[in-house]
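> Taking this note's numbering, I'd label the letters of the sequence shown as residues 432 to 1181.
All C-beta atoms, glycine included, are put in the ideal place defined by N, C-alpha and C.
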Amino acid sequence: MRRRRRTETRPERRGRDVALLVLALAATALTAWLGAPLHDRLVIGEITPESAESRRAERLVEAGFRAGSPDLVLVATARPGPSGAPGPGAAVDAARVRAAGERLTRRMAADPDVARVVSYWTDPRPRPRPLLRSRDGNSALIAVRLRGDEERTTPAAARIVSAVTGRPGPLAVTATGEAAVRATVARQAADGQLRAELLVLPLTTLLLLLVFRSAVAAVLPVLVGAFAVLGTWTALRLLDTWLPLSAYAINIASALGFGLAVDYCLFLLSRYREERGRPGTDPARALSVALATAGRAVLFSAGTVATCLAALLAFPHAVLRSVAYSGVIVVALAAAGTLLVLPVLLRACGDAVDRYDPFARRRRPVPAGDAPLGAWGRAASRVARRPLVVAVAVTAGLLVLASPFLHVRLGLADDRILPPDSGTRRAGQVVRADFDAWDLLTRACVVLPRFDAARHPGALDGYARRVSARPGVTGVTTATGRYAHGWRVGPVPDRREFSARGATWLAVTTDADIYAPANRVLAERLRALPAPAPVLVGGPGARLADTQRAVTARLPLALGLVAAAMAALVLAFTRRPVLAAKALVLNALSLAASFGAVVLVFQQGRLAGLLGGFTVTGYTEVFVPVLLFCIAFGLSMDYEILLLARICEEYDRTGDGPAAVARGIDRSARLFTWAALTFAVTMGALATSRLQLLKTIGTGLALAVLLDATVVRVLLVPAVMALAGRANWWTPWRRAPTVPPVPARAEETV
432 MRRRRRTETR PERRGRDVAL LVLALAATAL TAWLGAPLHD RLVIGEITPE SAESRRAERL
492 VEAGFRAGSP DLVLVATARP GPSGAPGPGA AVDAARVRAA GERLTRRMAA DPDVARVVSY
552 WTDPRPRPRP LLRSRDGNSA LIAVRLRGDE ERTTPAAARI VSAVTGRPGP LAVTATGEAA
612 VRATVARQAA DGQLRAELLV LPLTTLLLLL VFRSAVAAVL PVLVGAFAVL GTWTALRLLD
672 TWLPLSAYAI NIASALGFGL AVDYCLFLLS RYREERGRPG TDPARALSVA LATAGRAVLF
732 SAGTVATCLA ALLAFPHAVL RSVAYSGVIV VALAAAGTLL VLPVLLRACG DAVDRYDPFA
792 RRRRPVPAGD APLGAWGRAA SRVARRPLVV AVAVTAGLLV LASPFLHVRL GLADDRILPP
852 DSGTRRAGQV VRADFDAWDL LTRACVVLPR FDAARHPGAL DGYARRVSAR PGVTGVTTAT
912 GRYAHGWRVG PVPDRREFSA RGATWLAVTT DADIYAPANR VLAERLRALP APAPVLVGGP
972 GARLADTQRA VTARLPLALG LVAAAMAALV LAFTRRPVLA AKALVLNALS LAASFGAVVL
1032 VFQQGRLAGL LGGFTVTGYT EVFVPVLLFC IAFGLSMDYE ILLLARICEE YDRTGDGPAA
1092 VARGIDRSAR LFTWAALTFA VTMGALATSR LQLLKTIGTG LALAVLLDAT VVRVLLVPAV
1152 MALAGRANWW TPWRRAPTVP PVPARAEETV
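1. Measuring only the C-alpha atoms, how far is Asp542 from Gly662?
2. Return the bridge partner residues of Tyr914 from the DSSP annotation.
3. Given that a residue counts as buried once 16 or more other Cβ atoms are within 10 Å of its Cβ, and exposed if not, what is Glu484?
4. Give me, in chain order, the residues of the same chain whose beta-carbon lies closer than 6 Å to that of Thr1162; leave out the 5 immediate sequence neighbours on both sides.
5. Might you give, ordered along the chain, the residues of its own chain that have their beta carbon closer than 6 Å to the beta carbon of Ala890, omitting 5 neighbours on each side?
6. Whether or not the region 745-764 and the region 1041-1060 are in contact is what I'm after, with contact meaning three or more pairs of Cβ atoms, one per stretch, closer than 8 Å; do they touch?
7. What is the rounded straight-line gap between the Cα of Pro888 and the Cα of Gly972?
8. Would you call Gly1156 buried or exposed, if buried means 16 or more other Cβ atoms sit within 10 Å of its Cβ?
9. Cα separation between Pro1089 and Ile1072?
10. Let me know if Arg707 comes out buried or exposed under the rule of 16 or more other beta-carbons within 10 Å of its beta-carbon.
11. Since Ser570 is in the beta strand (DSSP E), which residue starts that stretch and which ends it?
12. Would you kindly work out how many angstroms separate the C-alpha atoms of Ser500 and Ala1135, rounded to a whole number?
13. Tell me the rounded alpha-carbon separation between Glu928 and Ala603.
14. Sort out for me which residues DSSP pairs Val968 with in a bridge.
15. Determine whether the beta carbon atoms of Leu1132 and Met1114 lie at a separation below 8 Å.
16. So, does the CB of Leu562 fall closer than 8 Å to a CB anywhere in chain C?
17. Are the Cβ atoms of Tyr679 and Ala737 separated by less than 8 Å?
18. Which class does Thr978 belong to by DSSP, given the choice of helix, strand or coil?
19. Under 8 Å between the Cβ atoms of Gly826 and Leu1031?
20. List the endpoints of the continuous alpha helix (DSSP H) containing Trp807.
21. Among Asp1087, Ala996 and Leu1066, whose alpha-carbon lies nearest the alpha-carbon of Phe1110?
22. Could you tell me which residues DSSP pairs with Trp936 in its beta bridges?
23. Just checking my contact of Leu572 with Val506 at CB under 8 Å: how many whole Å lie between their CB atoms?
24. Let's test the definition: count the other Cβ atoms within 10 Å of the Cβ of Trp936 and tell me whether it reaches 16, buried, or not, exposed.
25. Using the C-alpha atoms, what's the distance from Arg1144 back to Arg817?
26. With a threshold of 7 Å on Cβ separation, who are the neighbours of Ala741 within its own chain once the five nearest residues in sequence on each side are excluded?
27. Whole angstroms are fine: how far does the CA of Val775 sit from the CA of Val693?
28. Let me confirm a value: Ser593 is counted as buried when at least 16 other C-beta atoms fall within 10 Å, else exposed. Which label applies?
29. For Arg956 versus Gln979, is the C-beta spacing smaller than 8 Å?
30. Can you tell me the Cα-Cα spacing of Asp883 and Gly600, whole angstroms?
31. Compute the Euclidean distance between the alpha carbons of Ala910 and Thr940, then round it to the nearest angstrom.
32. Does the distance from the C-beta atom of Val784 to that of Ser645 stay below 8 Å?
33. Drop a sphere of 10 angstroms on the beta-carbon of Ser899, count the other beta-carbons inside from all chains shown, and report buried for 16 or more, exposed for fewer.
Below, the structure written as structure tokens:
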């Protein structure tokens, strides 16, 4: 015997809604307070796995020879003397400048976070000293090695740079180096997020006002978006106590969560208002149908996006894992806010959801039921008449846009990722232009952990000659001497700097940028070069090689997980295998087009001026394709599910395939356009960041969403479905109706 469900009276329901609304407001206020200090704790995230060969080589050089590359490089430039004119009093060897340099060096050495300091004024070795002095003699370098991992060195670098730069005295000090770059990136990420939020909120509200033509309806998605973002901050603040999180993660998650929350609310609220426009439908019935249709699609859409983001956990890189954690959390909160908080707000607003309409006189009724097809539906019908021509033309256009991705060159970011007016970037440019030490400070290291140079000097000499003869190598220094272009060019002052306790290492300088692909190729050639003993290769090029190898090794697993999960979710949602396969193929096509556009703009520098200008390095950061794939593929599938939900609903209602496609697109294309536009605004605000990685991700996602919601969904989807014909609707399972029957007194049923 079936148990009757208890009915809920209106006062009880009103009390429950008020309690839930108060709880949501309190939780939002609490999360805003708890998540506020999050930016002060974030780092960039290690780009190379701890177990990589390059990391092991660098640890051996640091522990055994105290010769690792510096984390922080201070550029100390002599100010003019008391007379105000440059002269002997302004040179780095002048008495007052030397005294100031020695004081600064002692101050660095006494810092508890500093492990080692090498300074022009205090280093007794004759060779490094000229390299640490600029060619004009007015600047000198202080190389600082910090203690601990990135989680400790980044805040230490930020504190040291703030303490020593911009102060009066004989020396004007600026800072560069990896730790300084990481600290500057973290600060720029926090500043960029605040600027993006100030830009996104008013623009998104204005767009929603144009969509809904009601001030009340326009504000509701913004409130849900704020709930999702602030909740994510608190979750990440708690997670940061156990795991180091990347500063990039909070920017990407905030933009993604706000955009998704607005999109989900847009679809649910639009369906609610559409049902309200049907004759004889009360608000409770309209909300129930909206939750059963658009709400179900939102739930599956959130699952697709979260699953794609979770695939980033397959990679061992802290940056990618941070984006995965934050992305899954913010997607879950965006869906929860849409399905739990928004219905309460709608019941609380009642009829006021359509009020305060500045366009009331021009507003047309929302089409419902069997209303005639609009412009989008008529366009889909025209496409269906010539599907092969449209499919071939659109596919060819997307493939042309994707073609630059065939020439992608992967690298890692250096100080040029920073804005041109950044002090850290300017200091790096000074070191490159005015010093001979740039290659010394960023050199590669080749370590022979079980090789005694004193016992086998001939073998080491031959190996060093072979290393120095490699293309791209400008010099090699080891226990048997200094080498260039295959020849020994001089001795070393102290062989113990390169060989001790049965281990030997070689310092290899190159002529390439730090993280350029040429350095990666060189590291791989050095690893393949015959050696007198097992070798470990470290340095920037080896780090890039290890990072790229780790990405490519895990990429098939991530792609397989995403493809299988997406196919399973779409299949569970539609119960139609052809629709699931079609969704995967079309999403991959639109994603390839966005990849090609990113390479065209950011690697090749086309149209760079339209994005505020940036440094064209000639390569794409190695993490960009992975991040774009996992985020953009989820977003594309998100729109696919929302579209299929409406098409399948129309087919279940009428049984007419072509009409269902046309009417489904007609009822959802306008929403797709506005949803894509609002999401593109959110991502466009991310593209205004002064950090090139965030600018690249924001631009790529905005373009992917706009392509997917317009060209793919409005042109390619109806063409492909028309070509598939009745195969679209084949299913080996029984399918429940898309719109379940709702009791007549749905508002009183728990």
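The short version:
1. 38 Å
2. Tyr914 is bridged to Val907 and Arg919.
3. Answer is buried; the Cβ neighbour count reaches 16.
4. Result list for Thr1162: Arg1006 and Arg1007, in chain order.
5. Pro963
6. yes
7. 27 Å
8. exposed
9. 18 Å
10. Buried, because 16 or more other Cβ atoms sit within 10 Å of the Cβ of Arg707.
11. Element bounds for Ser570: Ser570 to Leu577.
12. 40 Å
13. 32 Å
14. Val877
15. yes
16. Although the question refers to chain C, the structure presented lacks it and comprises just one protein chain.
17. Contact: no.
18. helix
19. Per the sequence shown, residue 826 should be read as Thr rather than Gly. In this structure, Leu1031 does not lie closer than 8 Å to Thr826 by Cβ.
20. Ala806 to Arg816
21. Nearest to Phe1110 by C-alpha distance, out of Asp1087, Ala996 and Leu1066, is Leu1066.
22. Val878.
23. 6 Å
24. buried
25. For Arg817 and Arg1144, the distance between alpha carbons rounds to 16 Å.
26. Ala755 and Val759
27. 16 Å
28. exposed
29. no
30. If you draw a straight line from the Cα of Asp883 to the Cα of Gly600, it comes to about 48 Å.
31. 16 Å
32. yes
33. Around the Cβ of Ser899, a 10 Å sphere holds 16 or more other Cβ atoms; the residue is buried.
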